[in-house]
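Residue numbers (my numbering): 2 to 282. Glycine included, every Cβ here is placed at the ideal spot set by N, Cα and C.
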Amino acid sequence: MHNSFYGWYLKCQSDTQTLAVIPAVHNDGNSRTCSIQVITDHNAWTVTFTADSFRRTGRNIIIGENRFGERGIHLAIHTPELTIRGNLHFGPLYPLKYDIMGPFAFVPFMECRHSVRSMRHSVTGNVWINREKYSFRNARGYWEGDRGRSFPKEYIWTQCCFKGGALMLSVADIPMMGAHFTGIIGVVLWQGKEYRIATYLGAGVVQIQNKTVQVKQGGLELEARLLEASERPLKAPAKGNMVRTIHESASCRAYYRFCKKGRTVFAFETDRASFEFEYFS
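Rendered as structure tokens:
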């Protein structure tokens with residue numbers, strides 16, 4: 002048994018409510034367990050299951066009575082502290098044109114590998130969490146995944162669906178062969194067109210400070226600024242062991258600006274952003 006983890010992040014969001022669910026399986030070298038983390042606008046929970054509760058069938062993850070996949074999510078969690086039940090249906094997914102990792106998808110021994118399964122899709126259904134109803138009617142969804150040994154020591158991640166498009170950006174400290182470099186992966190969907198911003202395409206960091214990250218690649222420039230956090234604790238892997246605590250704002254205030262050849266394509270402030278700012282420099 003080796004140190005590893007594999008998990009998905011599925012976010013569902015309406016104009017008033019946010020629900021993100023993270024099914025995962027993890028090996029710490031001695032034992033194998035699985036978990037479901039649930040994060041809302043105001044709370045976060047982690048429920049641990051035995052290893053034999055986890056199954057992958059085709060393009061689905063099953064943990065106990067809970068199912069996650071292309072068609073949607075079925076939740077049935079019952080613990081003394083937490084009761085969740087409900088079904089969410091996904092509309093057609095919006096996958097990327099090619100792997101978000103680019104050529105790094107073929108580099109062995111990477112600490113963490115990221116995937117984007119759908120930048121934007123519709124979500125319809127209801128979920129009850131401890132008797133509170135989360136209702137989604139043609140709401141927005143986002144779906145990504147991670148696998149490897151550990152999350153990066155320092156990283157920034159943000160994601161947002163908005164009128165006319167969607168975006169995601171991750172900037173992280175990447176260890177490789179005894180050295181470190183700052184890795185960038187990002188995508189902007191705008192009016193049906195996909196703009197890829199990544200280290201392997203020549204992207205670089207302009208600034209990381211004061212809860213702001215700005216990256217540039219040729220004539221493309223993307224800025225994301227965390228204005229007001231609503232952080233909730235989540236568990237993250239360190240050598241396959243879910244012992245690290247990170248903080249995610251699943252729904253918070255942020256500012257985004259996207260420029261092309263010096264011209265502002267869009268700039269807006271929203272309270273529907275998702276942000277993790279685990280950068281300490």
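| query | Whose C-beta lies closer than 6 Å to the C-beta of Asp-100 among residues of the same chain, with five residues either side of it excluded? | reply | Ala-106
| query | What runs of the beta strand (DSSP E), each 3 residues or longer, lie entirely inside the region 174-247? | reply | 180-191, 194-199, 205-210, 213-218, 221-229 and 233-239
| request: Grab me the residues of Leu-207's own chain with a C-beta within less than 7 Å of its C-beta, minus the 5 sequence neighbours each way, in chain order. | output: Reading off the sequence shown, one finds Val at residue 207, where the question assumed Leu. Closer than 7 Å at Cβ, skipping near neighbours: Gln-215, Val-216 and Lys-217.
| field | One or two residues paired with Met-1 in a DSSP bridge | value | Past the edges of the chain, shown from 2 to 282, lies residue 1, and the structure says nothing about it.
| said: Starting from Gly-70, trace the beta strand (DSSP E) in both directions and tell me its first and last residue. | reply: 67-70
| CA-CA distance, Met-2 and Gln-192? | A caution first: Met-2 carries a pLDDT of 48, below 50, which makes its placement in the model unreliable, though a value can still be read off. Taking the straight line from one Cα to the other gives about 46 Å.
| message | Quick check on this structure: which residue in Thr-246, Arg-114 and Thr-265 has the alpha carbon closest to the alpha carbon of Leu-221? | response | Cα-wise, what sits closest to Leu-221 is Thr-265.
| message | Strictly by DSSP, which residues pair up with Asn-61? | response | Beta-bridge pairing links Asn-61 to Thr-58.
| query | Going by beta carbon distance, what residues of the same chain come within less than 7 Å of Lys-98, once the five residues before and after it are set aside? | reply | Taking C-beta separations shorter than 7 Å and ignoring five residues to either side along the sequence, the partners of Lys-98 in its chain run Glu-195, following chain order.
| request: Please check the pair Cys-42 and Ser-231, which I expect to be a contact at CB under 8 Å, by giving their CB distance rounded to whole angstroms. | output: The amino acid at residue 42 is misidentified as Cys; the sequence shows Asp. The pair is a contact, with the Cβ atoms about 7 Å apart (cut-off 8 Å).
| request: Have a look at Leu-76 and Lys-240 and give me their C-alpha separation to the nearest angstrom. | output: 28 Å
| query | CB Arg-141 to CB His-122, shorter than 9 Å? | reply | yes
| task | Return the CA-CA distance between Tyr-10 and Met-178, expressed in angstroms with no decimal places. | result | 28 Å
| Between Gly-166 and Leu-202, is the Cβ-Cβ spacing less than 9 Å? | no
| Test item: CB-CB of Ser-275 and Ala-237 under 9 Å | no
| message | Below 8 Å on the Cβ atoms is my contact criterion, and I expect Gln-18 with Cys-162 to pass it. Report the Cβ-Cβ distance as a whole number of Å. | response | Rounded, the Cβ-Cβ distance is 14 Å, inconsistent with contact.
| request: Give the secondary structure of Pro-104 by DSSP, where H, G and I count as helix, E and B as strand, and everything else as coil. | output: helix
| Taking the beta strand (DSSP E) that Arg-132 falls in, what are its first and last residues? | First-last for Arg-132: undefined, no H or E at that position.
| Are the beta-carbon atoms of Trp-144 and Leu-83 separated by less than 9 Å? | Against a cut-off of 9 Å, the Cβ pair of Leu-83 and Trp-144 comes out as no contact.
| task | Determine the direct distance from the alpha carbon of Glu-133 to that of Leu-89, and round the result to whole angstroms. | result | 15 Å
| query | Taking buried to mean at least 16 other C-beta atoms within 10 Å of its own C-beta, is Asp-29 buried or exposed? | reply | Asp-29 is buried by the Cβ-count criterion.
| query | Between the C-alpha atoms of Ser-286 and Asp-147, what's the straight-line distance to the nearest angstrom? | reply | Here the chain covers residues 2 to 282 and nothing more, so residue 286 does not appear.
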